[in-house]
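J.: If you scroll down you'll find the structure; I have some questions about it.
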Amino acid sequence: ATVLCTLGGATPEEVVYTGTKGTLRILRPAHAPSRLHLSVAAGRQASEDQTLEFPLPPKPAEALPFNYPGSEGFVYEARAVHAALRAGKTELDEWTHAESVTTQAI
């Protein structure tokens with residue numbers, strides 16, 4: 001694996017995963033992506049390509065200004081946590097404590 005992370009350089013701000021069947025490119029800005037490009041190998045010199053889009057939600061009218069571009073992407077998470085707490089839950093059905101621990105171990 002190769003990882004490059006810097007605050008001092010002009011990078012492409014993308015993440016690329018390459019596997020035996022193709023490539024997944026998380027398009028810029030990778031810290032708050034809304035588009036990704038999937039390229040699946042279809043032989044040695046051909047691929048099936050598609051770009052998938054996941055629009056960020058609109059900023060809530062009552063929200064204070066965000067510090068970083070793309071921060072409105074956290075609105076999904078904040079709303080999910082809020083709903084869980086209102087329902088008396090201590091974890092989300094979509095992302096359990098066990099999954100959080102596993103992710104940290106990776």
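Residue numbering for the sequence shown is 1 to 106, as defined by UniProt numbering. C-beta: ideal position from N, C-alpha, C; glycine also.
Using 8 Å as the threshold, is the region 36-46 in touch with the region 64-75, meaning 3 or more CB pairs across them?
T.: These segments do not touch.
J.: Tell me whether residue 12 is buried or exposed, calling it buried when 16 or more other Cβ atoms sit within 10 Å of its Cβ.
T.: Numbered from its first residue, the sequence shown carries residue 12 at position 12. Residue 12 is exposed by the Cβ-count criterion.
J.: So which of 8, 19, 71 has the shortest CA-CA distance to residue 34?
T.: Looking up residue 34 in the sequence shown gives position 34. The shortest C-alpha separation from residue 34 is found at 71.
J.: Going by DSSP in three states, residue 47 sits in which element: helix, strand or coil?
T.: By one-based count along the sequence shown, residue 47 stands at place 47. It is a strand residue.
J.: In this structure, how does DSSP classify residue 28 when only helix, strand and coil are distinguished?
T.: Within the sequence shown, the letter at position 28 stands for residue 28. Note: residue 28 maps to coil in three-state DSSP.
J.: Return helix, strand or coil for residue 68, following the three-state DSSP convention.
T.: As a position in the sequence shown, residue 68 is number 68, starting the count at 1. If DSSP states are grouped into helix, strand and coil, residue 68 belongs with coil.
J.: Distance check for residue 102 and residue 88, CA to CA, integer angstroms please.
T.: Residue 88 sits at position 88 when you count from the first residue of the sequence shown. Residue 102 sits at position 102 when you count from the first residue of the sequence shown. Straight-line Cα distance between these residues: approximately 24 Å.
J.: Mapping the DSSP letters down to three states, classify residue 52 as helix, strand or coil.
T.: Numbered from 1 along the sequence shown, position 52 holds the residue referred to as residue 52. Strand at residue 52.
J.: Would you list the one or two residues that DSSP bridges to residue 37?
T.: Residue 37 sits at position 37 when you count from the first residue of the sequence shown. For residue 37, which the question treats as bridged, DSSP gives the partners 25, 51.
J.: So what does DSSP say about residue 3, is it helix, strand or coil?
T.: Working through the sequence shown from its first residue, we reach residue 3 at position 3. The three-state reading of DSSP puts residue 3 in coil, since its state is none of H, G, I, E or B.
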